[in-house]
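Here is the structure we will look at.
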Amino acid sequence: MIGIVGYGTQIPRYRIKVEEIAKVWGTDAPTYKRGLNLNEKSVPSPDEDCITLSVNAARNAMLRAMIDPADIGAVYVGSESHPYAVKPTGTIVSEALGACPYVHTADFEFACKAGTEAMFVALHLVKSGVVKYALGIGADTSQGAPGDALEYSASAGAAAFVMGAKNVIAELIDTHCFMTDTPDFWRRENAHYPEHGGRFTGEPSYMKHTAGAVNAILEKTKMKPGDLDYMIFHQPNGKFPVQMAFSLGFKEPQFRHGLLTPTLGNTYSGSSPLGLAATLDVAKPNQTILIVSYGSGAGSDAFIFKTTEKLLEIRDKAPLVRKQLDEHLMYLEYGQYAKFRHKILKPE
Amino acid sequence: MEVAKHWRETPERYRLEAGKCSKCNTIVFPQRIICPECGNRKFTTQSLSGKGKLVSFTIIRIAPGGFEDLAPYAVGIVELEEGVNILTQITDCNPEDLKTGDPLVAKFRRINEDGKTGMIYYAYKFVPDAGL
Ligand SMILES: [Zn+2]
């Protein structure tokens with residue numbers, strides 16, 4: 008049996024409400040809140056980035072995995088906000104965890120799918136027997152251009168998963184991928200904000216790839232939507248994943264716990280992985296969980312996990328997602344937010 | 399900051415690694431060559447828990463270069479469970495709300511950077527211990 012042996016998350020303490028952003032751009036907050044099913048989003052402190060969120064999430068995962076960091080054979084971090092263009096995020100994360108020097112590391116990039124790519128490779132390396140434990144992390148501190156619809160949702164957070172073959176808390180049942188070349192969203196090197204390909208958003212991108220991955224993995228595992236206890240889709244807003252879930256035959260109790268967007272926003276590479284962590288926070292042993300990511304460009308990774316009795320033993324060794332999401336929040340005004348996110352032009 | 403100096407201090411900055419005197423068990427942070435208590439030169443490495451209490455602090459309102467975006471922020475001395483005192487920045491809080499004796503915990507954070515194209519420096523900072 009291989010699968011998840013530990014998981015952990017980190018969500019910043021700062022939040023900004025949709026009203027606060029709408030006030031600045033003269034838009035109608037209730038329309039955005041209803042349209043996106045989103046009330047507020049997390050904002051990284053100026054001293055947080057993809058690397059710090061990854062390290063802090065991974066440390067929480069290690070509290071649950073209870074393994075020697077020297078036994079981690081691979082560290083993969085998926086993000087679209089790696090702080091360096093050249094110099095890996097993974098080396099800093101590995102060093103901070105104490106996994107160096109006998110460790111393989113790589114940084115993944117695939118818009119919002121990079122986190123599950125890291126998890127996919129980590130799981131299959133463990134399955135192949137090449138490494139004893141592998142860490143897969145999804146982390147982002149993403150930016151939407153000021154005034155763009157993405158500014159209401161682009162947020163920050165990270166989820167880390169230690170994969171292994173001993174003391175598994177969620178067994179990997181199967182994986183599947185669905186990918187095509189679709190130009191729905193991109194950011195060029197040195198561009199500060201991303202751009203989207205208008206008509207490619209939604210139907211031909213998110214919907215098609217998510218549905219493609221769901222149908223493929225259900226067929227491969229001979230399961231039906233009703234056979235799964237929980238499901239998590241990528242959450243660019245609070246609306247797409249809900250529409251998608253209903254259209255594929257899932258019901259609200261299956262996605263309720265993993266749907267974090269209304270108060271978290273879109274954490275990009277951290278999005279579906281954080282939803283998985285929140286679901287592991289509430290799942291009972293022997294329950295099945297489907298997680299399907301989506302990354303622009305475009306593709307979806309699908310996984311089915313089955314929880315074990317071990318989950319209950321390790322769950323309380325690190326903070327729960329809902330606690331990080333709901334407690335000790337600090338709300339920002341737009342001016343502070345603009346400073347935090349370096350949106351204010353200062354003299355060099 | 400100097401790239402090489404930061405790199406040398408990675409064990410302390412990234413993992414809170416301290417030295418434990420093999421003779422009298424005194425814990426020194428950062429690591430030293432000679433034990434200040436007994437003069438012994440042999441140490442074992444021990445990672446500190448990162449949990450402690452706020453002993454004293456001040457609030458920085460006029461920040462030095464590279465820290466402007468964080469002002470106002472607190473810098474204080476934290477006494478760790480192991481008895482070691484650490485001078486550190488305290489983040490994720492309104493500094494006006496801090497009180498001596500507050501429980502704090504270490505988190506991995508960005509400390510500074512050499513401009514927009516230089517190295518980014520990471521290390522521990524402390525935050526109020528709310529189990530997050
Ligand atoms: Zn001594």
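If you're matching them up, the sequences are chains S and L in order.
Per the working numbering, the first sequence runs over residues 8 to 355.
Per the working numbering, the second sequence runs over residues 399 to 530.
Ideal Cβ positions, reconstructed from N, Cα and C, are used throughout, including at glycine.
Straight across, the Cα-Cα distance linking S/His89 with S/Gly282 is about 21 angstroms. Rounded to whole angstroms, S/Val110 and L/Pro434 show a C-alpha spacing of 36 angstroms. DSSP assignment within the region 407-479 of chain L yields the following whole alpha helix (DSSP H) runs of 4 residues or more, N-terminal first: 408-413. Contact of L/Arg459 with chain S is not assigned, every C-beta pair being separated by 9 angstroms or more. Inclusion of S/His264 and S/Tyr301 in the CB contact set at 9 angstroms is not warranted, their separation being larger than that value. Proximity of S/Tyr91 to chain L, defined by a Cβ-Cβ separation below 9 angstroms, is satisfied. The beta-carbon of L/Pro493 is placed no less than 9 angstroms from the nearest beta-carbon of chain S. Listed along the chain, the chain S residues whose CB falls inside 7 angstroms of the CB of L/Ala528 are Glu334 and His335. From the beta-carbon of L/Leu468, the residues of chain S found nearer than 7 angstroms are Pro53 and Asp54. Beta-bridge pairing by DSSP links S/Asn273 to S/Ala161. For L/Ser445, at least one C-beta of chain S is nearer than 9 angstroms to its own C-beta. Distance from S/Thr182 to S/Ala309 at the Cβ level is roughly 7 angstroms; contact confirmed, criterion being Cβ atoms closer than 8 angstroms. Taking one beta carbon from each stretch, the region 137-152 of chain S and the region 53-61 of chain S have 3 or more pairs nearer than 8 angstroms; the two touch.
Per DSSP, S/His111 is one residue of the beta strand (DSSP E) stretching across His111 to Phe115. Around S/Lys330, the beta-carbon contacts reaching into chain L at under 8 angstroms are Gly529 and Leu530. When DSSP states are grouped into helix, strand and coil, S/Glu340 belongs to the coil group. Cα atoms of S/Asp323 and S/Val128: separation of roughly 27 angstroms, rounded to the nearest angstrom. Annotation for L/Lys523 indicates a beta carbon at 8 angstroms or more from all heavy atoms of ligand 1.
Between S/Ser303 and S/Cys119, the beta carbon gap of about 7 angstroms places them in contact (Cβ cut-off 8 angstroms).
Taking a contact to require three or more Cβ pairs closer than 8 angstroms, the region 64-82 of chain S and the region 100-117 of chain S qualify as touching.
For S/Gln294, the three-state secondary structure derived from DSSP is coil. Boundaries of the alpha helix (DSSP H) around S/Ala125: Ala121 to Ser135.
Taking the Cα of S/Tyr275 as reference, the smallest distance to any Cα among S/Thr295, S/Leu339 and S/Glu158 is reached at S/Glu158.
The three-state secondary structure of S/Tyr200, taken from DSSP, is coil.
S/Gln331 has its alpha-carbon roughly 12 angstroms from the corresponding atom of S/Arg22. Within the region 39-68 of chain S, Ser52, Pro53, Asp54, Glu55, Asp56, Ile58, Thr59, Val62 and Asn63 place their CB atoms closer than 7 angstroms to a CB of chain L, listed in sequence order.
Taking all protein chains in view, the Cβ of S/Arg41 is surrounded by fewer than 16 other Cβ atoms within 10 Å, so the residue is classified as exposed.
Counted as a single uninterrupted DSSP element, the beta strand (DSSP E) harbouring S/Thr16 occupies residues Gly10 to Gln17. Non-local C-beta neighbours of S/Leu132 in its own chain, meaning closer than 6 angstroms and more than five positions away in sequence, comprise Ala81, Val138 and Ala141, ordered along the chain.
For a Cβ distance threshold of 7 angstroms, residue set Tyr412, Arg413 and Phe506 of chain L lies close to S/Ala103, ordered along the chain. For S/Lys324, no CB of chain L lies under 9 angstroms from its own CB, so it is not counted at the interface with that chain.
For S/Glu259, the enclosing alpha helix (DSSP H) covers residues Glu259 to Phe262. Interface with chain L (9 angstroms Cβ-Cβ cutoff): S/Phe312 is excluded.
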